[in-house]
Amino acid sequence: MGDMGDPPKKKRLISLCVGCGNQIHDQYILRVSPDLEWHAACLKCAECNQYLDESCTCFVRDGKTYCKRDYIRLYGIKCAKCSIGFSKNDFVMRARSKVYHIECFRCVACSRQLIPGDEFALREDGLFCRADHDVVERASLGAGDPLSPLHPARPLQMAAEPISARQPALRPHVHKQPEKTTRVRTVLNEKQLHTLRTCYAANPRPDALMKEQLVEMTGLSPRVIRVWFQNKRCKDKKRSIMMKQLQQQQPNDKTVNFSEGGPGSNSTGSEVASMSSQLPDTPNSMVASPIEA
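Just so it is clear: in the sequence shown, position 52 is 52 by the working numbering, and no numbers are missing.
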């Protein structure tokens with residue numbers, strides 16, 4: 001029986017691999033949001049067999065995992081005209097449930113590109129400008145061919161990834177963005193912050209062994225700890241540069257204040273010194289991290 005002062009050890013939950021169904025004994029587990037876990041050797045793309053890890057995005061559909069390239073190829077939104085997918089920065093034209101590249105949004109009869117404000121008709125055989133729509137309408141009056149009503153053409157800018165924006169059922173890999181476009185952040189408590197700061201004061205660049213010990217001590221993931229140290233070093237570097245700039249400005253400010261105040265003036269640039277003492281020392285309490293189950 002251990003000492004009464006020793007903290008109780010956390011019971012480790014059993015993790016079962018979704019791929020092979022066996023228990024995961026590995027040091028690292030690949031977790032896909034919200035609670036799917038794999039062996040590193042089992043998480044592969046169902047199409048190309050590429051291994052999926054924290055460096056790439058994983059999509060899950062119908063129980064199968066895909067890399068980003070194959071998922072977009074199989075299930076991504078494609079142009080109704082050329083059947084080619086869209087990039088996240090593309091501007092598109094919509095016609096009911098169909099989406100087109102701007103260059104593909106043309107009348108099938110005269111090939112004229114339809115622009116915002118143009119009227120068009122969407123039929124089973126494609127898009128028609130107003131003029132060709134009227135011609136087809138007159139020709140089909142006797143046949144009783146119903147025409148779709150006219151709609152104003154409206155350009156829509158595609159937000160973020162076109163696939164994830166229009167298919168919310170996608171479940172991206174935990175190491176990338178979740179279903180929402182906002183990044184998930186982990187809030188550190190005071191005990192965790194104290195542990196990280198103490199280690200940072202001793203060594204701003206801890207080795208792998210020290211990071212593993214921090215994982216055990218704080219309960220945080222290796223990624224969260226790595227990002228915290230990166231952010232902390234970056235913040236300290238910026239603060240150091242700002243302090244040097246203030247110190248360089250301080251002698252000049254002293255000279256100006258003395259000349260303005262005259263021999264009896266007590267102004268010696270203390271305002272600049274006080275500015276440096278009020279530099280914020282905000283802790284890295286918010287760091288980017290994967291979704292934790």
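Glycine included, C-beta positions come from ideal geometry on N, C-alpha and C. These numbers come from a predicted model, not from an experiment.
From Trp228, Val108 and Arg223, residue whose alpha carbon lies closest to that of isoleucine 29 = Closest option to isoleucine 29, Cα to Cα, is Arg223.
Are there 16 or more other CB atoms within 10 angstroms of the CB of lysine 68, so buried, or fewer, so exposed?
-> buried
Taking 9 angstroms as the cut-off, decide whether the C-beta atoms of proline 206 and arginine 233 are in contact.
-> Not closer than 9 angstroms, so no.
Apart from the five residues on each side of it in sequence, which residues of its chain come closer than 7 angstroms, Cβ to Cβ, to valine 108?
-> Asp125, Gly126, Leu127 and Phe128
Near arginine 130, which residues of its chain fall below 6 angstroms by C-beta distance, leaving aside the five closest residues on each side in sequence?
-> Glu119
Where alanine 202 falls, given that 16 or more other Cβ within 10 Å makes a residue buried = Burial check for alanine 202: the Cβ neighbour count within 10 Å stays below 16, so the residue is exposed.
Can you tell me the Cα-Cα spacing of glutamine 248 and arginine 197, whole angstroms?
-> 29 angstroms
Closest to threonine 81 by CA distance: which of Phe105, Arg61, Ala208 and Phe229 is it?
-> Reading off the sequence, residue 81 comes out as lysine, not threonine. For the residues Phe105, Arg61, Ala208 and Phe229, the minimum Cα distance to lysine 81 belongs to Phe105.
Of the residues Phe229, Ala46 and Gln230, which one's Cα is nearest the Cα of threonine 65?
-> Answer by Cα proximity: Ala46.
Contacting residues, own chain, Cβ-Cβ under 8 angstroms from aspartate 26 (five flanking each side not counted) | His39 and Ala40
Note the first and the last residue of the continuous alpha helix (DSSP H) segment covering lysine 68.
-> It spans 68-75 - the alpha helix (DSSP H) in which lysine 68 sits, taken as one unbroken run.
Reducing DSSP to helix, strand and coil, say where histidine 194 ends up.
-> Of the three classes helix, strand and coil, the one that applies to histidine 194 here is helix, per DSSP.
Does the distance from the CB of leucine 43 to the CB of glycine 63 come in under 9 angstroms?
-> With a cutoff of 9 angstroms on beta-carbon distance, leucine 43 and glycine 63 are scored as not near each other.
Secondary structure at histidine 39, three-state DSSP: helix, strand or coil?
-> coil
Report yes if the CB atom of leucine 220 is closer than 9 angstroms to the CB atom of leucine 188, and no otherwise.
-> yes
Skipping 5 residues on each side, what residues in its chain have a beta carbon closer than 8 angstroms to that of leucine 279?
-> Caution applies to leucine 279, whose pLDDT of 36 falls short of 50 and renders its modelled position unreliable; the value that the coordinates give is listed next. Excluding residues up to 5 positions away in sequence, Arg239, Met242 and Met243 lie with their Cβ nearer than 8 angstroms to the Cβ of leucine 279 in the same chain.
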